[in-house]
Each structure stands twice: as C-alpha cells, then as structure tokens.
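> For any residue, its number in the working numbering is found by taking its place in the sequence shown, counting from 1, and adding 30.
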Amino acid sequence: MIYSPRIVVGDTETTGTEPKNGDRVIEVGLVEIVNGFRTGRHFHTYVQPERAIPPDATAIHGITDEMLVGAPVFAAIVPDMMEFIGDSPLIFHNAPFDMSFFDEEFGRLSLPKIDRSRVVDSLKEARQILPAGSKAGLDALCTRYGIDRSHRTKHGALLDSELLADVWLRMTGTGGLAHGFGPAAAAAPVAEIPQAVAEERRPARAHSLEASASMLRLEPSHEELDRHASFVQGQVQKAIWTSLAPPAAPAPRT
C-alpha cells in the first residue's frame with residue numbers, strides 16, 4: 031500500500047503481448063491524483079508503432095492503423111510523458127505488462143528504465159485485499175466498488191486509467207470517492223490549489239498535457255443548513271456541546 035500527496039495512475043494499449051518480439055506501445059494514458067482526489071489533469075496520446083496492428087489486437091482496443099496516421103513516435107512523447115509523471119509513484123493494473131513495454135521502448139532510445147521501486151501493481155494489491163478467489167480484473171473491480179463502466183465498450187488507455195484511479199481510491203480507502211464525494215474534476219474551483227497542481231499551468235501541447243479542474247470543495251447548501259438546524263432543534267436533547275460551552279463573559283463595569 032502507498033500513500034503520497036501526488037500519485038499517477040496509468041495504462042497502455044499495444045500491438046500485442048510480446049514486446050521482445052516486436053510488439054509496440056500505441057496509446058498511453060496517465061491520470062493525476064492529488065491528496066486523494068482526481069484533479070482532472072491527465073496525459074494522453076496515441077503513438078505511431080511503425081508496424082501494423084494485428085486484427086486480434088484491434089478487436090480488444092479498437093485502434094486501427096488508420097487512426098495512428100500522423101501520431102507521434104514514442105521518442106517524441108517521452109519528454110512530455112516523463113514531465114507529467116515527475117517523481118510521483120505510478121500505479122498500473124498488471125504493472126509488469128506495461129513496464130515490460132516501457133522497458134523495451136526506453137531501451138530502443140538508450141534511456142534509463144522507469145524505476146520499479148516507484149511502481150505499484152494494483153492487480154497484485156487487489157488480490158491481497160480481496161477475499162481469496164475474488165475476480166480482480168478492472169471490470170470486476172469496477173462492479174465491486176460501484177464504479178460506472180457502462181461507457182467502456184473497449185479497452186482504452188485514458189479511460190482505463192480514469193476507472194483504475196477511481197477503483198484505487200475506493201479499494202484502498204485513500205480518497206474522497208470512498209466517502210461518496212465523486213471525482214474532483216466535477217467540482218467547483220477552490221480558493222487554494224495544491225502546489226503540485228499549480229506549479230505548471232502551461233498551455234497543452236499536441237498529443238500532450240491537458241489540464242482542467244483541481245481539488246474538491248464541499249460546502250453545505252442553504253437548504254442543508256436549514257435542515258441541520260431544524261434537526262438539532264427538534265431531535266437533539268441535552269446536546270453535549272451545550273455543557274462544554276464557555277461561560278459568558280462578565281458584563282463590563284460602568
């Protein structure tokens with residue numbers, strides 16, 4: 031289990047399952063979590079694999095050769111991808127699969143591999159948390175934790191990263207989603223943005239960073255305040271806080 035002020039949850043789509051036999055990355059999706067909430071910031075890009083996509087792979091993720099015409103090669107996305115990741119821990123579902131592809135891609139470019147000590151396999155974590163024999167695939171976890179996946183008709187790196195981020199927060203009890211607050215991306219702006227979100231507010235580059243909302247701010251409505259006051263007045267007898275109230279200040283002398 032990990033907890034860090036900032037976590038990046040990710041997923042990839044590929045041309046197949048064997049990176050050492052020439053299969054390549056064709057899509058990368060990364061989602062940011064700050065202080066237990068999805069912020070709405072993400073990194074997403076398709077990648078030109080410089081090889082054909084087999085039909086059986088397309089059947090899984092729906093990505094075709096035609097869709098990748100004009101997409102950047104992996105070398106072109108690395109700077110923006112690593113800038114987004116920064117020094118944050120990484121969460122991938124079945125992480126050894128994704129890391130094996132990154133290892134090959136980084137190796138082709140003679141770049142250092144991603145440090146495995148900062149990578150968490152959410153599939154392994156789920157199998158340790160759930161009862162023995164429980165299904166731990168992403169679809170099964172979404173069902174278990176009440177995450178809406180009705181729009182997931184095929185695999186997709188960004189979509190699956192968003193779903194996994196929500197699953198992670200509920201499964202581990204480390205986020206607002208565990209308390210039914212909903213993703214921060216749907217929340218109103220806040221007065222103070224965490225430094226991790228505010229440090230860089232550059233315009234999004236093609237195939238690169240996209241930024242939107244920040245943290246979740248919860249404030250009771252006027253109706254909720256009225257209901258609370260009515261409940262306290264009508265239902266609460268001998269409220270404990272009344273006995274703890276400080277004594278009234280003495281009247282000023284004249």
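Quick reminder that beta carbons are idealized off the backbone N, C-alpha and C, glycines included.
Small disclaimer: the values here were computed from a predicted structure and weren't measured.
State whether the region 78-86 contacts the region 113-133, with contact taken as three or more CB pairs (one from each stretch) at a distance under 8 Å.
Short answer: they don't touch.
> For a minimum of 3 consecutive residues, which ranges assigned as the beta strand (DSSP E) are wholly contained in the region 36-65?
With a minimum length of 3 residues, the continuous beta strand (DSSP E) runs that stay inside the region 36-65 are 36-44, 55-64.
> For a test of the three-state rule: what should DSSP assign to residue 91, helix, strand or coil?
Reduced to three states, the DSSP call for residue 91 is helix.
> Counting beta carbon pairs with one atom in the region 59-69 and one in the region 184-199, are three or more of them shorter than 8 Å?
A contact exists between the region 184-199 and the region 59-69.
> Which residue wins for smallest C-alpha separation from residue 79, given the options 43, 161, 203?
When each option's Cα is compared against that of residue 79, the closest is 43.
> With burial defined as no fewer than 16 other Cβ atoms inside 10 Å of the residue's Cβ, what is the status of residue 51: buried or exposed?
By the 10 Å Cβ count, residue 51 comes out exposed.
> Using only CA atoms, which one of 104, 155, 156 lies nearest to residue 132?
The shortest Cα separation from residue 132 among 104, 155, 156 belongs to 104.
> Can you give me the Cβ contacts of residue 41 inside the same chain, cut-off strictly under 6 Å, excluding the 5 residues immediately before and after it?
Answer for residue 41: 59, 187, 190, 191, listed in chain order.
> Could you spell out where the beta strand (DSSP E) holding residue 121 opens and where it closes?
Here the beta strand (DSSP E) through residue 121 covers 120-122.
> For residue 99, count neighbouring C-beta atoms within 10 Å of its own C-beta (all shown protein chains included) and say buried if the count is 16 or more, exposed if not.
By the 10 Å Cβ count, residue 99 comes out exposed.
> Taking buried to mean at least 16 other C-beta atoms within 10 Å of its own C-beta, is residue 201 buried or exposed?
With 16 or more other Cβ atoms within 10 Å, it is buried.
> With DSSP as the reference, please indicate the residues paired to residue 75 in a beta bridge.
For residue 75, which the question treats as bridged, DSSP gives the partners 58.
> So is residue 264 buried or exposed if we call it buried at 16+ other beta carbons inside 10 Å?
The residue is exposed, with fewer than 16 neighbouring Cβ atoms inside 10 Å.
> Spatial neighbours of residue 47 within its chain, please: C-beta separation below 7 Å, excluding the five flanking residues on both sides.
Cβ neighbours of residue 47 beyond the five flanking positions: 53.
> Buried or exposed for residue 87, going by 16 or more other Cβ atoms inside 10 Å?
By the 10 Å Cβ count, residue 87 comes out buried.
> Quick check on residue 171: buried or exposed, where buried means 16 or more other Cβ atoms within 10 Å of its Cβ?
Buried, because 16 or more other Cβ atoms sit within 10 Å of the Cβ of residue 171.
> Just curious, the beta strand (DSSP E) that residue 149 is in, first and last residue?
Looking at the DSSP string, the run of the beta strand (DSSP E) that includes residue 149 is 149-151.
> Can the beta-carbon of residue 56 be found closer than 7 Å to that of residue 77?
A contact, by the Cβ cut-off of 7 Å.
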